[in-house]
Amino acid sequence: MGKRLRVAVVYGGRSGEHEVSLRSAAAVIANLDPERYEVVPVAIGKEGSWRTGPESLEVLERAQRELAPIPPHGHEVTLPPDPTRGGLVPVAGGPPIAVDVVFPVLHGTYGEDGTIQGLLELAALPYVGAGVLASAIGMDKALMKSAFRDAGIPVGRWLVAHAGAESTASLARRVEAELGFPCFVKPANLGSSVGISKVKQPGGLAAAVAEAGAYDPKLVIEAAIDGREFEVAVLGNDEPEASVVGELVPSREFYDYADKYVEQGARVVIPAALPETTAAGMRSMALRAFRAIDCTGLARVDFFLEQATDRILVNEINTMPGFTAISMYPKLWEASGLPFAALVDRLIALARERHAVRSRRQLSFTPPARASSPAASQARR
Ligand SMILES: Nc1ncnc2c1ncn2[C@@H]1O[C@H](COP(=O)(O)OP(=O)(O)O)[C@@H](O)[C@H]1O
Ligand SMILES: [Mg+2]
């Protein structure tokens, strides 16, 4: 047996998707072949402390059974931004824990938005998934849509608003003029349908703005699209591949938080029942969306197929999609011939490839050597 790769699997975190992350991480760890990988669990508490050790795995076991907040387990570690420190540093002292690659199985704020990616870049560690820029753009629904629009990718109509910056009457006029009702009001930076509401008439706008604005003062308001919802999984770096298409059939008015995580009422159909050309169109659009934000590693691209027009519209890209055993992302790959364990293998290989390419970058300008007398260079100082 060759040397096993040490993979720090990071999970939990301060985001509203803490619990989903615990379930995703449990599935990822269960699919990392112990012959090839040594897992270093890193549990980030809801308050933000980083802990490791076998006790940290207990958090994952408990998360399968209970939805209540779980106190942090394990000994505290920190990741210095200094690449010479040798990896994770125990807060109580002792030798650093070296890691070969990091798998941040974190969704939402501080996990999927470029912040932890920035820390991992500073620490010079290879990590799974998108880099700083793609993560940040993928997290901001307004900038994401602008990037798609600039790449010629069809998206629905939207406008940007700031909670508290404009009167409800003025906002209602803008919505009426640019989008019409019903519309969807969303926090620009969040996920898991948190803070999102469907507003059927101007009277409902104030409550929706207050609700979304509590999560992020920057809001995105979209024209409601009447149609079916589909998702495509993308995997790769420079030559990404697209999975088969899956359809989400919400059990409620829209695919909200309860549907996703509590009642699990939404039905998933893989592969989706679609004409071949429509499915092919979605798959190629998924790759264009991936490239439009400079994504690497993985992403799930979500679509609407508009009922009245048969138009394919991109709803959003998720750079760290749900990874639980029942999540769409691994299921789409499974249906495309790539089982969960092979998928995590590939993700780790992609992380290391990306890191190797980036490590070869020249970070500073080296002036061309030229003959000059010591006196001349002295004079220039
Ligand atoms: N413009 C829209 N038209 C119709 N349904 C929408 C629209 N925007 C969101 N939805 C519904 O709300 C769900 C969550 O919205 P989404 O933008 O995907 O947020 P999140 O990032 O939280 O997943 C979607 O899956 C869809 O069911
Ligand atoms: Mg979504």
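Residues in the sequence shown are numbered from 11 upward in steps of one, following our numbering. Backbone N, C-alpha and C fix where the C-beta goes; we use that ideal spot for every residue, glycine too.
Problem - Residues of its chain near Asn-41, where Cβ-Cβ distance is below 6 Å and the 5 sequence neighbours each way are ignored - result: Phe-350, Ala-351 and Val-354
Problem - Selected residue, minimal CA-CA separation from Asn-328, among Arg-16, Ser-180, Asp-248 and Gly-307 - result: Gly-307
Problem - Outcome for Ser-369 when other beta-carbon atoms lying within 10 angstroms are tallied against a minimum of 16 - result: exposed
Exercise for the section: Count the other C-beta atoms from every protein chain shown that fall within 10 angstroms of the C-beta of Ser-34, then say buried if there are 16 or more, exposed otherwise. Expected result: buried
Exercise for the section: Report yes if the CB atom of Ser-31 is closer than 9 Å to the CB atom of Gly-121, and no otherwise. Expected result: yes
Problem - Distance between Leu-70 and Glu-273 (C-alpha atoms, nearest Å) - result: With a pLDDT of 48 at Glu-273, under the threshold of 50, the predicted position of this residue should be treated as unreliable, though the coordinate-derived value follows. Their backbone Cα atoms lie some 20 Å apart in a straight line.
Practice task
Specify, as a first and last residue, the run of the beta strand (DSSP E) that Tyr-21 falls within.
Solution key: 15-22
Handout entry: Cβ-Cβ distance between Ile-54 and Leu-15 below 9 Å
Key = no
Handout entry: Sequence-distant residues of its chain with Cβ nearer than 6 Å to Ala-389 (five each side left out)
Key = Caution applies to Ala-389, whose pLDDT of 49 falls short of 50 and renders its modelled position unreliable; the value that the coordinates give is listed next. Excluding sequence neighbours, Ala-389 sits near nothing in its chain.
Practice task
Label Pro-136 either buried or exposed according to how many other C-beta atoms from any shown protein chain fall within 10 Å of its C-beta, with 16 as the threshold for buried.
Solution key: buried
Practice task
Examine ligand 1 and report whether any of its heavy atoms sits within less than 8 Å of the Cβ of Leu-169.
Solution key: no
Exercise for the section: Identify whether Tyr-339 lies in helix, strand or coil by the three-state DSSP scheme. Expected result: helix
Exercise for the section: Check whether the stretch 299-306 touches the stretch 156-163, taking contact to mean three or more Cβ pairs, one atom from each stretch, closer than 8 Å. Expected result: yes
Problem - Close beta carbons around Val-17, own chain, < 8 Å, minus the five adjacent residues each side - result: Leu-42, Tyr-47, Glu-48, Val-49, Val-50, Val-109, Asp-110, Val-111, Val-112, Phe-113 and Ile-358
Practice task
Indicate whether Ala-252 and Val-259 have their beta-carbon atoms separated by less than 9 Å.
Solution key: no
Handout entry: Residue interval of the beta strand (DSSP E) (run including Ser-207)
Key = 207-209
Handout entry: Rounded separation between Ala-102 and Glu-86 - CA only
Key = 7 Å
Practice task
Tell me where the beta strand (DSSP E) around Glu-251 begins and ends.
Solution key: 251-259
Handout entry: Host beta strand (DSSP E) of Pro-378 (start-end)
Key = Careful: Pro-378 lies outside any beta strand (DSSP E) and carries neither H nor E.
Handout entry: Contact check, Leu-323 vs Gly-166, beta carbons under 9 Å
Key = yes
Exercise for the section: State whether the stretch 173-184 contacts the stretch 334-350, with contact taken as three or more CB pairs (one from each stretch) at a distance under 8 Å. Expected result: no
Handout entry: Heavy atom of ligand 1 within 8 Å of Lys-151 beta-carbon
Key = yes
Handout entry: Per-residue burial, Ser-261 [other beta carbons within 10 Å of its own, 16 or more giving buried]
Key = exposed
Exercise for the section: Kindly give me the distance between the Cβ atoms of Leu-245 and Arg-356, rounded to whole angstroms, as I take these residues to be in contact under 8 Å. Expected result: 6 Å
Exercise for the section: Look up Lys-196 in the DSSP assignment and give the residues it is bridged to. Expected result: Val-230
Problem - Backbone CA spacing between Pro-377 and Arg-371 [nearest angstrom] - result: 16 Å
Exercise for the section: Please check the pair Leu-189 and Ile-231, which I expect to be a contact at CB under 8 Å, by giving their CB distance rounded to whole angstroms. Expected result: 7 Å
Handout entry: Simplified DSSP state of Arg-298, which is helix, strand or coil
Key = helix
Exercise for the section: If I'm right that Ala-36 touches Gln-74 with Cβ under 8 Å, what's the distance once you round it to whole angstroms? Expected result: 6 Å
Handout entry: Lys-13 burial status per 10 Å Cβ neighbour count (16 or more: buried)
Key = exposed
Practice task
Taking only heavy atoms of ligand 1 into account, decide whether any of them is closer than 8 Å to the Cβ of Asp-92.
Solution key: no
Handout entry: Under the three-state DSSP convention, the category Ile-107 falls into
Key = strand
Practice task
Can you check DSSP and say which residues form a bridge with Thr-88?
Solution key: Val-99
Handout entry: Contact set for Glu-344: own chain, Cβ-Cβ below 7 Å, skip 5 residues either direction
Key = Phe-350
Handout entry: Reduced DSSP secondary structure (H/G/I, E/B, other) of Glu-326
Key = strand
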